[in-house]
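Enquirer: Pasting in a structure now, in structure tokens, and then I'll have a few things to ask.
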Amino acid sequence: MKFGILVNEGPYNHQASDSAYRFAKAAIDKGHQIYRVFFYYDGVLNATKHSDPPSDDRNVVKNWQKLAEDHKVDLVVCVAAGMRRGIVEDSLAPGFRISGLGQLIEAGIQSDRLVTFGD
Amino acid sequence: MSTLHTVNKSPFERSSLQSCLDHALEGDSVLLMEDAVVAAMAGTAMAPKLADAANSVKLFVLGPDLKARGLDAAGVVAGIGVVDYDGFVDLAAENSTVQAWL
Amino acid sequence: MEEEYEGGIVKKFMFVNRKAPYGTVYALEVLEMVLISAAFDQDVHVAFLDDGVFQIKKGQDTKDLGMKNFSPTYRALEGYDIEKLFVERESLEERGLTEDDLLVDVEVISRADMAKLMGEMDVVMTA
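What follows is the structure in structure tokens.
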């Protein structure tokens, strides 16, 4: 089955991004496909290459990055939401790309299920 | 057609669980996750409401979120199923739509 | 359910608004999502319930906040062929509002009918 995932919140204020990551990983391990992960609202902050959490904490940005590397998961950051929050092409960690909000609607159309994680 | 409803906030802080239960249809599933897992425990002021809801919808709670908060999965309201992330994925696949109550 | 239409898939989409405007950005950015969805020829529904009904309250004036009043955009949705706007009657009543307080033409439906309508959707977007 194809899952689309929408992440509404940034990496550390809320559990949303962690929950979304756990869900995505479990889905992949069960043989499902992640059609796309779309980062919207403050969720765009998950894509910043400048995130540098203490070494005894999980690295949310790196988790996503690794998922993209290992499983070719499409990580898309909303351009308009990103511009509002200072997330632009130059800010992106490897594995993320910037595109329009249409990519979220398209994920809703093309995925069998769209699962949202937010506040 | 059935829906998996996800709720992630404590009913002692937000109305999203109440609103979800007010809109879930018979045969739908409701998953309590993140801070909403506190609502799953027997003995809270919410427990009677959850026990009542269990008559029309299928109730689940995310085990890892219980554990993280020091809550014992053995102490949830009767009728609430404890699932892990695999179970969450299964629920999302088994229902035709997933609706988050944020 | 989804059907083939002009070579593409048409799904029933619902954008669910449960939060008041301005205190958080969700109302505005959901609205931007709704506008974009118009380009995809989907069967789009917009629902207002709980505090979401305040998003379409008449007379919003944000001058003193220095924030953009985006409420007129709800009236422009019709121009994008987004005409299925639903408001939950109980949510209005609980907040002391009536249909006359709303700035856009909507269909006011009961909580039970809102629940049924939600159950018919293929994709539900919330924030």
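Chains as they are written, first to last, in this note's numbering: chain W, 9 to 127; chain Z, 146 to 247; chain X, 979 to 1105.
Just so you know, even glycine gets a beta-carbon here, dropped at the ideal spot from N, CA and C.
No experiment lies behind these values; they were computed from the predicted model shown.
Do you know how far the Cα of aspartate 1079(X) is from the Cα of lysine 212(Z)?
Expert: Their backbone Cα atoms lie some 46 angstroms apart in a straight line.
Enquirer: Determine the chain X residues that contact alanine 88(W) at a beta-carbon separation under 7 angstroms, and present them in chain order.
Expert: Per Cβ cutoff of 7 angstroms: Glu1010.
Enquirer: Does any CB atom of chain X fall closer than 8 angstroms to the CB of asparagine 21(W)?
Expert: No - not a single Cβ of chain X is within 8 angstroms of the one on asparagine 21(W).
Enquirer: Round the Cβ separation of valine 234(Z) and lysine 10(W) to the nearest angstrom and send it over; I've been treating them as touching at under 8 angstroms.
Expert: Between lysine 10(W) and valine 234(Z) the Cβ distance is about 12 angstroms, and since that is not below 8 angstroms, they are no contact.
Enquirer: Bridge partners of alanine 245(Z), per DSSP?
Expert: According to DSSP, which records beta bridges pairwise, alanine 245(Z) is partnered with Thr151(Z).
Enquirer: Expressed to the nearest angstrom, what Euclidean distance is found between the alpha-carbon atoms of lysine 1046(X) and aspartate 1039(X)?
Expert: Between lysine 1046(X) and aspartate 1039(X), the C-alpha separation is close to 9 angstroms.
Enquirer: Alpha carbon to alpha carbon, what distance is there between leucine 109(W) and alanine 88(W)?
Expert: Cα to Cα, the separation comes out at about 8 angstroms.
Enquirer: Return the first residue and the last residue of the alpha helix (DSSP H) that threonine 1051(X) is part of.
Expert: Here the alpha helix (DSSP H) through threonine 1051(X) covers 1050-1054.
Enquirer: Given a cut-off of 8 angstroms on the beta-carbon distance, is the pair aspartate 217(Z) and valine 182(Z) in contact?
Expert: Contact flag unset, no.
Enquirer: Per DSSP, which residues does cysteine 86(W) bridge with? Please list them.
Expert: For cysteine 86(W), which the question treats as bridged, DSSP gives the partners Ser107(W).
Enquirer: So what's asparagine 1047(X) in DSSP terms, helix, strand or just coil?
Expert: If DSSP states are grouped into helix, strand and coil, asparagine 1047(X) belongs with coil.
Enquirer: Per the contact definition of three or more C-beta pairs closer than 8 angstroms, is the segment 70-81 of chain W in contact with the segment 19-37 of chain W?
Expert: They touch, by the three-pair rule.
Enquirer: Just reading off the beta strand (DSSP E) that asparagine 67(W) is part of, what are its end residues?
Expert: No beta strand (DSSP E) holds asparagine 67(W); DSSP gives it neither H nor E.
Enquirer: Leucine 204(Z) lies in the beta strand (DSSP E); which residues open and close that run?
Expert: Where leucine 204(Z) is concerned, the enclosing beta strand (DSSP E) stretches over 203-207.
Enquirer: Taking alanine 245(Z) as the query, report the chain W residues whose CB atoms sit under 8 angstroms from its CB, ordered along the chain.
Expert: Those are Val123, Thr124, Phe125, Gly126, listed as they occur along chain W.
Enquirer: Could you spell out where the beta strand (DSSP E) holding leucine 14(W) opens and where it closes?
Expert: Looking at the DSSP string, the run of the beta strand (DSSP E) that includes leucine 14(W) is 10-15.
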